[in-house]
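S.K.: Numbering (UniProt numbering), first residue to last: 1 to 301.
Backbone N, C-alpha and C define an ideal beta-carbon position, used for all residues, glycine too.
Below you will find the structure I want to go over with you.
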Amino acid sequence: MKILITGGAGFLGAWIAKRLLAGGHDVCIFDRNDDRRLLRLIVGPEAEAVEWRIGDVTRAEEVVAASDGCDRIAHLAGLLTPACRADPIRGANVNLIGTINVFEAARQHGIQSIAYASSAGVFGPSDGVVPFPMTLYGTFKLACEGVARAYAADYEIASVGFRPLTVYGPGRELGSSAGPSIACRKVAEGEAYVIPFTGDTDIIFVDDVAAAFEAALLRPVSGAHVFNLRGDLVSIDAIVAEIRRVVPNAKLSAEGDQPPIAADLEAHDVEATLGTLQRTSLADGLKRTIAFYENQVAAVA
1 MKILITGGAG
11 FLGAWIAKRL
21 LAGGHDVCIF
31 DRNDDRRLLR
41 LIVGPEAEAV
51 EWRIGDVTRA
61 EEVVAASDGC
71 DRIAHLAGLL
81 TPACRADPIR
91 GANVNLIGTI
101 NVFEAARQHG
111 IQSIAYASSA
121 GVFGPSDGVV
131 PFPMTLYGTF
141 KLACEGVARA
151 YAADYEIASV
161 GFRPLTVYGP
171 GRELGSSAGP
181 SIACRKVAEG
191 EAYVIPFTGD
201 TDIIFVDDVA
211 AAFEAALLRP
221 VSGAHVFNLR
231 GDLVSIDAIV
241 AEIRRVVPNA
251 KLSAEGDQPP
261 IAADLEAHDV
271 EATLGTLQRT
281 SLADGLKRTI
291 AFYENQVAAV
301 A
């Protein structure tokens, strides 16, 4: 199977590509540039086998051209919360119009299934059941879920959207919830770091998210689905304490407000559609992330 990953040069795209390549599938990345540094970091030598198609998700004709010959699409291209706040028009063009372009390209090429990144940002600060976004990013993501439903109803294009809250792991550097991942890198480098938010969060290891995407892309699916993708519901203080169990002298702290998103997300029955998904404990995920960065430090020492 040949799978297109829009926004595939980023953190999650690299981890999805890693799993798909390991499964013997062909991977094509569609991004605005051909910077393969993160892909090489996560995937290793097999990154060179990935086909690269450069373009802009806001340009419909470029999305149509990029998806030609592909069997499935993993749609990740988007701007995160800070970028949407800084430039709302561009945020809407990339996140919402870009998503419409992806579904329209699938329709034109007869691609029957799409897995896409929504977000727990569709929820407000006090309710993880009924969407009520308080950010432009969350607003655009909620609209994208509506796009998916419309294309399922009108054109029978199946889709699965995922709503994780805090995704962490090797390679995560961008976005308002990147703090726990950056903390792991900083302690591996022997540097101090302040996680820029406090309170509770639902945190999930990146390879678990990639495994969910893999299942959504490879299993037969019909209709439009969207799932809260839950990990561990913990406090930022607990994350700091867990990192210190691995690196006792870690110079870590946290300050700032809790993000305006409910941390206690409603449990969804993902298994009925996608089968049993892997689950990495917070302790194991943080150990793996810190070890990854420690190896990077040792390699350049």
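Tell me the start and end of each unbroken beta strand (DSSP E) in the region 51 to 135 that is at least 3 residues and wholly inside, in chain order.
M.R.: Listed in chain order, they are 51 to 54, 72 to 75, 113 to 117.
S.K.: Let me make sure I understand the geometry here. Which of G121, A77, R107, G24 has the alpha-carbon closest to that of L229?
M.R.: If we check each option's Cα against that of L229, G121 comes out closest.
S.K.: Please state whether the Cβ-Cβ distance between V57 and V130 is less than 8 Å.
M.R.: Going by C-beta atoms, V57 is not nearer than 8 Å to V130.
S.K.: Express the C-alpha separation of G161 and E145 in angstroms, rounding to a whole number.
M.R.: So the two alpha carbons sit approximately 7 Å from each other.
S.K.: At which residues does the alpha helix (DSSP H) containing S181 begin and terminate?
M.R.: Counting along the chain, the alpha helix (DSSP H) containing S181 begins and ends at 179 to 188.
S.K.: DSSP three-state label for V246, please.
M.R.: V246: helix per DSSP, three-state reduction.
S.K.: In three-state DSSP terms, what is A291?
M.R.: Of the three classes helix, strand and coil, the one that applies to A291 here is helix, per DSSP.
S.K.: Which residue's Cα is closest to the Cα of G169: A14, A117, T6, A9?
M.R.: The candidate whose alpha carbon is nearest that of G169 is A14.
S.K.: Run through the region 202 to 264 for me and flag every whole beta strand (DSSP E) of 3 or more residues, listed as ranges in chain order.
M.R.: Entirely contained in the region 202 to 264, the beta strand (DSSP E) runs reaching 3 residues are, in chain order, 224 to 228, 232 to 235, 252 to 254.
S.K.: Identify whether L174 lies in helix, strand or coil by the three-state DSSP scheme.
M.R.: DSSP places L174 in coil when its eight states are reduced to three.
S.K.: Hey, how far is the Cα of G124 from the Cα of T139?
M.R.: Those two C-alpha atoms are separated by around 10 Å.
S.K.: Can you give me the C-alpha to C-alpha distance between D269 and A299, rounded to a whole angstrom?
M.R.: D269 and A299: Cα-Cα distance of roughly 42 Å.
S.K.: Hey, how far is the Cα of E48 from the Cα of R185?
M.R.: So the alpha carbons of these two residues sit roughly 25 Å apart.
S.K.: Output needed for L233: all residues of its chain with C-beta closer than 7 Å, excluding positions within five of it in sequence on either side, in chain order.
M.R.: Cβ within range, chain order: D200, D202, A263, D264.
S.K.: Ignoring anything shorter than 3 residues, give me the beta strand (DSSP E) runs that lie fully in the region 141 to 173, in order along the chain.
M.R.: Correct list: 158 to 163, 166 to 168.
S.K.: Within the continuous alpha helix (DSSP H) that includes F11, where are the two ends?
M.R.: Residues 11 to 22.
S.K.: How would you write the range of the alpha helix (DSSP H) that V43 sits in, first residue to last?
M.R.: It spans 37 to 43 - the alpha helix (DSSP H) in which V43 sits, taken as one unbroken run.
S.K.: Thinking C-beta only, is L76 closer than 8 Å to G8?
M.R.: Taking 8 Å as the Cβ cut-off, G8 and L76 qualify as a contacting pair.
S.K.: Thinking C-alpha only, which one of I261, V240, A74, A105 is nearest G62?
M.R.: According to the sequence displayed, residue 62 carries Glu and not Gly. With distances taken between Cα atoms, E62 lies closest to A105.
S.K.: Along the chain, where does the alpha helix (DSSP H) that runs through T6 open and close?
M.R.: Premise fails: T6 lies in the beta strand (DSSP E), 2 to 6, not in any alpha helix (DSSP H).
S.K.: Kindly indicate which three-state DSSP category V300 falls into: helix, strand or coil?
M.R.: Helix.
S.K.: Which residues in the same chain as A224 place their Cβ atom closer than 6 Å to its Cβ, once the five residues preceding and following it in sequence are excluded?
M.R.: If we look at A224 and ignore the five residues flanking it on each side, its Cβ neighbours are A148, R149, A152, S159.
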